[in-house]
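K.L.:
Mind looking over this structure? Questions follow.
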Amino acid sequence: MSGAAFLDIDRLERVFGGGRTLFGRARPGVHAVREVTLDLRRGETLGIVGESGCGKSTLARMIVGLDRPTAGRITLDGRDLVAEARRDPRALARRIQYVFQDPVASLNPRRTIRAILEAPLRHLRGLDGAARGRRLADLMEAVNLAPEHLDRYPHEFSGGQAQRIGIARALAAEPDLIVLDEPVSALDVSVQAQVLNILDGLRERFGLTYVFISHDLAVIESVSDRVAVMYFGHLVEIGRVADVFARPRHPYTRLLLASVPAPGRAVAPPEEGEAELPDPYHPPPGCPFHARCPRRSDICLTAFPPRDSAPGRADHLSACYHPEGDD
Ligand SMILES: Nc1ncnc2c1ncn2[C@@H]1O[C@H](COP(=O)(O)OP(=O)(O)O)[C@@H](O)[C@H]1O
Ligand SMILES: [Mg+2]
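For my numbering, count along the sequence shown from 1 and bump the result up by 48.
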């Protein structure tokens with residue numbers, strides 16, 4: 049299977065709101081995801097990075113079938129995922145699972161870990177009592193938790209432990225693809241590494257494919273094979289993580305990388321107005337990054353730039369009229 053596109057996302061759009069009020073006035077909509085096109089190979093980890101509000105979670109929710117696109121297509125192994133989610137949500141849940149950012153809040157506080165993990169084993173996998181018992185033991189072992197924890201409640205766990213339970217719950221469905229939405233962002237740095245290690249081991253052991261969302265570039269660099277950079281709903285750059293981080297093409301990617309604090313390097317504070325994201329209710333024409341961009345010219349105001357590949361790197365694409373590295 050390796051090489052062929054496993055998940056294929058084609059010009060995906062999501063607009064929230066809009067339409068008319070009760071009195072016929074036009075209501076502004078928020079265009080959270082704009083013409084996002086990307087694909088994923090089986091077994092790879094695609095990182096998705098971008099500032100808060102750029103549409104990462106909206107994209108993630110559409111991939112797992114929790115939200116429906118306004119336009120565009122998502123296919124999994126060639127089958128339309130939106131139609132599948134409508135026809136048979138359980139079949140989709142057996143293939144794609146979601147891990148949430150806030151580990152404790154994503155677990156039902158009134159249910160034991162056993163009950164939380166048994167639900168997918170029963171409803172998605174149809175296992176009987178004895179088989180569930182064996183799977184529970186395996187799942188706990190897979191995320192490095194002692195079986196004694198099964199009869200405790202979510203509030204009795206630390207954030208890192210709770211996130212491991214969230215991961216075990218996703219694994220219980222035996223999915224092919226797991227979408228992880230900021231899975232370590234709520235955790236202490238020391239605990240993050242532990243959870244990332246577990247995820248890495250699980251990927252190898254079960255042949256999983258990950259979509260890994262984070263605003264933390266160091267985390268993205270450590271987990272991803274390829275990375276997609278989002279800005280204001282658009283995918284502005286995508287490529288192998290080593291290429292994108294070493295030779296960013298989009299000025300926004302460069303800005304993101306330059307704003308990472310590193311020991312011994314001063315972080316330049318953003319100039320007045322420079323750090324502002326555009327108003328989602330009044331999107332600017334052309335490239336939404338132009339107001340912040342040091343490389344802008346008149347053409348940037350005309351239309352969203354087409355996606356082009358870097359010279360000699362067909363798999364490194366960016367949507368910019370004046371990409372870095374061409375001059
Ligand atoms: N259910 C919703 N209704 C209206 N607007 C939404 C909804 N969900 C997200 N948005 C808006 O869509 C944009 C993208 O949000 P989101 O996908 O959560 O971004 P991120 O995960 O990158 O922080 C934001 O402007 C947000 O306010
Ligand atoms: Mg989010």
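Backbone N, C-alpha and C fix where the C-beta goes; we use that ideal spot for every residue, glycine too.
1) Our contact map puts Val147 next to Ile215 with C-beta atoms below 8 Å; I'd like the distance itself, whole angstroms only.
2) Could you give the C-beta distance for Phe352 and His263, rounded to a whole number, given that I count them as a contact under 8 Å?
3) Should Ser262 be listed as close to ligand 2, given that the test is whether its C-beta is under 6 Å from any heavy atom?
4) Do Gln149 and Asp9 count as a contact pair if the criterion is CB distance below 7 Å?
5) Where does Gly271 fall in DSSP's three states?
6) What residues in its chain sit with their C-beta under 7 Å from that of Ser165, if we drop five residues either side in the sequence?
7) Name the DSSP beta bridge partners of His260, please?
8) Could you check if Ser105 belongs to the surroundings of ligand 2, using beta carbon to heavy atom distance under 6 Å?
9) Confirm, please, whether the CB-CB distance from Ile111 to Lys104 is below 7 Å.
10) Throw me the rounded Cβ distance for the Thr93 and Tyr329 pair, which I believe falls under 8 Å.
11) Could you tell me whether any non-hydrogen atom of ligand 1 is closer than 6 Å to the CB of Pro299?
12) Please state whether the Cβ-Cβ distance between Pro371 and Arg297 is less than 7 Å.
13) Indicate the three-state DSSP secondary structure (helix, strand or coil) for Asp291 in the structure shown.
14) Should Pro299 be labelled buried (16 or more other beta-carbon atoms within 10 Å of its own) or exposed?
15) Assuming Arg361 contacts Asp273 under a Cβ cut-off of 8 Å, what Cβ separation, rounded to an integer in Å, is found between them?
16) Checking 7 Å against the spacing of the C-beta atoms, do Val84 and Thr106 come in under that value?
17) For ligand 1, is there any heavy atom lying closer than 6 Å to the beta carbon of Pro336?
18) What would DSSP say about Ala351, mapped onto helix, strand or coil?
19) Entirely within the segment 97-135 and at least 4 residues each: give me those alpha helix (DSSP H) ranges in chain order.
20) What is the residue span of the alpha helix (DSSP H) that Leu304 lies within?
21) Please report the residue range of the alpha helix (DSSP H) in which Gln145 lies.
22) What did DSSP end up calling His330 once you bin it into helix, strand or coil?
23) Alpha carbon to alpha carbon, how far is Gly101 from Ala234?
24) Alpha carbon to alpha carbon, how far is Ala153 from Val232?
25) On the DSSP bridge assignment, give the partners of Met278 in chain order.
26) Expressed to the nearest angstrom, what Euclidean distance is found between the alpha-carbon atoms of Asp374 and Ala266?
27) Any heavy atom of ligand 1 closer than 6 Å to the beta-carbon of Val78?
28) Going by alpha carbons, who is nearest to Arg59 out of Thr301, Asp356 and Gly120?
P.N.:
In short:
1) 6 Å
2) About 23 Å; that fails the 8 Å criterion.
3) no
4) What the structure shows of the chain is the stretch from 49 to 375, and residue 9 is not part of that stretch, so it cannot be assessed.
5) It should be pointed out that residue 271 corresponds to Val in this sequence rather than to Gly. Here Val271 sits in helix by DSSP.
6) Here the sequence assigns Leu to residue 165, which means Ser is not the residue at that position. Leu184, Leu187, Ala216, Arg217 and Ala220, listed in sequence order.
7) The question names His, but residue 260 is Phe in the sequence shown. DSSP, once it has assigned bridges, lists Gly95 and Leu228 as partnering Phe260.
8) yes
9) no
10) No, Thr93 and Tyr329 are not in contact; Cβ-Cβ is about 34 Å, not under 8 Å.
11) no
12) yes
13) helix
14) buried
15) Going by Cβ atoms, the distance from Arg361 to Asp273 rounds to 15 Å, so no, they are not a contact pair.
16) no
17) no
18) coil
19) 104-111 and 129-135
20) Pro299 to Ala306
21) Looking at the DSSP string, Gln145 is not in any alpha helix (DSSP H); the run it does join, the beta strand (DSSP E), is Ile144 to Val147.
22) coil
23) 17 Å
24) 14 Å
25) Leu283
26) 26 Å
27) yes
28) Gly120
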